[in-house]
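Residue numbers (our numbering): 13 to 455.
Presented below is the structure to which this report refers.
Written as structure tokens, this is what we have:
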């Protein structure tokens, strides 16, 4: 499978040891709250990337996890690998240190690593909120990096000089010479912790973008990556594993769950990832419900399908509509993110549910549809079926239809379900929720 990244913007990478303010600087430059910020060190683990612009120069800004050396624990090693990968692809590196503290051994080792990389390098001495602290920043010249800028990311001090210097050597792309790219399909990957979301992102994008570990809750920030497959651009978002409320203790975990729900709202398509080795759980249904309630196009993906014995696979497939009855409209795919088995089939499925969510049906065609429906088969309390005069589509994503009738009250659940099934059958709305509203037709 061949993947192409549409990204041609230069990459500016923010690095530093834990808790020096890298994510605060990232959020300040991108004017976002994309990276989770808190007093708890080591919150950021994966590489977080957003497009940014300064004085007509466009670039990708990359936030990285806190760098540590001589550590044997799993996460520091994995984070360090991600930082080094980001540095290799960087057009410029911003090395962030804490202006309120002395130079640490980690600062020195990281400075040596960055100098050896040969990348254009700028030292940002953060947390310099007063003129007195600006003078203290001079002590950081000892790190051997010629360009030193005292800043306060939290209070937006010193940002102009820093960004003027960092972007001076970047190619200007803000002159409007190139046509705007096609809007990508935003796909959020959601699910319980440790179901394979990060492995699936890495497999879909063809590179190691997310840290993968057997430890549940590895991903905290949402990680996104752009891919073009068969000429169609996608942005895949690997979100943090969603736990039951009672199981979420650390501040970073609580924030990451809130961010995951936010990315569901911002996505075009939601991939609900289920662990094939464990089966469909009540928490899977709860998580899928977040996407359904948000009105998002939906795709069920059962991961680790290679771990399900062949004799159990049929039983598993029958379990899905039984435990996820409210998602009977969502297609299901069965993959192994670890081996790549059938992952390629997800692209056309994502495109199909995305098109369904954005499908518009002309009013004339809808009214011809109403004329052909056999309403005698519909169920309604007391046998009092409403008379439908005409119908129109009010909006898309999700498709919303307004039926004008001879009654002011809402449709009975059973009658509404009948209409939903008829619409899906006639217009192929597989993979998307449908909203039905009724209105009294005035004389």
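Note that the Cβ used here is the ideal one computed from N, Cα and C, for glycine as well.
From a predicted model like this one, the values you see are computed outputs, not experimental measurements.
Around the beta carbon of residue 278, a 10 Å sphere encloses fewer than 16 other beta carbons of the protein chains shown; the residue is thus reported as exposed. The beta carbons of residue 441 and residue 345 sit no closer together than 7 Å.
Between the alpha carbons of residue 240 and residue 246 lies a distance of about 6 Å. For residue 405, there is no enclosing alpha helix (DSSP H); the residue is part of the beta strand (DSSP E) that begins and ends at 400-407. Counting only residues of its own chain and dropping the five nearest sequence neighbours on each side, residue 126 has a CB closer than 8 Å to the CB of 27, 99, 105, 107, 133, 157.
Of all alpha-carbon atoms in 203, 272, 275, the one lying nearest the alpha-carbon of residue 297 is that of 203. The beta carbon of residue 353 is closer than 8 Å to those of 317, 318, 347 in its chain, skipping five residues each way along the sequence. Of the other Cβ atoms in all chains shown, fewer than 16 fall within 10 Å of the Cβ of residue 452; this residue is therefore exposed. Three or more beta-carbon pairs drawn from the segment 428-446 and the segment 299-315 are found closer than 8 Å, and the two stretches are therefore classed as touching. Around the C-beta of residue 34, 16 or more other C-beta atoms lie within 10 Å, and the residue is accordingly described as buried. DSSP places residue 92 within a helical segment (H, G or I) once states are collapsed to three. Taking the Cβ atoms as the reference, residue 365 lies roughly 15 Å from residue 285, outside the contact range of under 8 Å. Shortest Cα-Cα distance from residue 114 to any of 139, 68, 97 involves 139.
The three-state secondary structure of residue 67, taken from DSSP, is coil. Annotation note: the segment 314-342 contains the following uninterrupted alpha helix (DSSP H) runs of length 4 or greater, listed N- to C-terminal: 322-335. Taking C-beta separations shorter than 6 Å and ignoring five residues to either side along the sequence, the partners of residue 121 in its chain run 81, following chain order. Beta-bridge partners of residue 248 (DSSP): 199, 237. Taking the Cα positions, residue 63 is about 42 Å away from residue 403. Here the C-alpha atom of residue 177 lies approximately 14 Å from the C-alpha atom of residue 70. DSSP places residue 127 inside the alpha helix (DSSP H), whose first and last residues are 117-129. Going by beta carbons, residue 382 and residue 439 fall outside the 7 Å limit. At the C-beta level, residue 23 and residue 103 come within 7 Å of one another.
Residue 236 and residue 250 have their C-alpha atoms some 6 Å from each other. Classified as exposed, residue 426 has fewer than 16 neighbouring CB atoms from the shown chains inside 10 Å of its CB. Going by DSSP, residue 161 is part of no alpha helix (DSSP H) but of the beta strand (DSSP E) stretching over 160-162.
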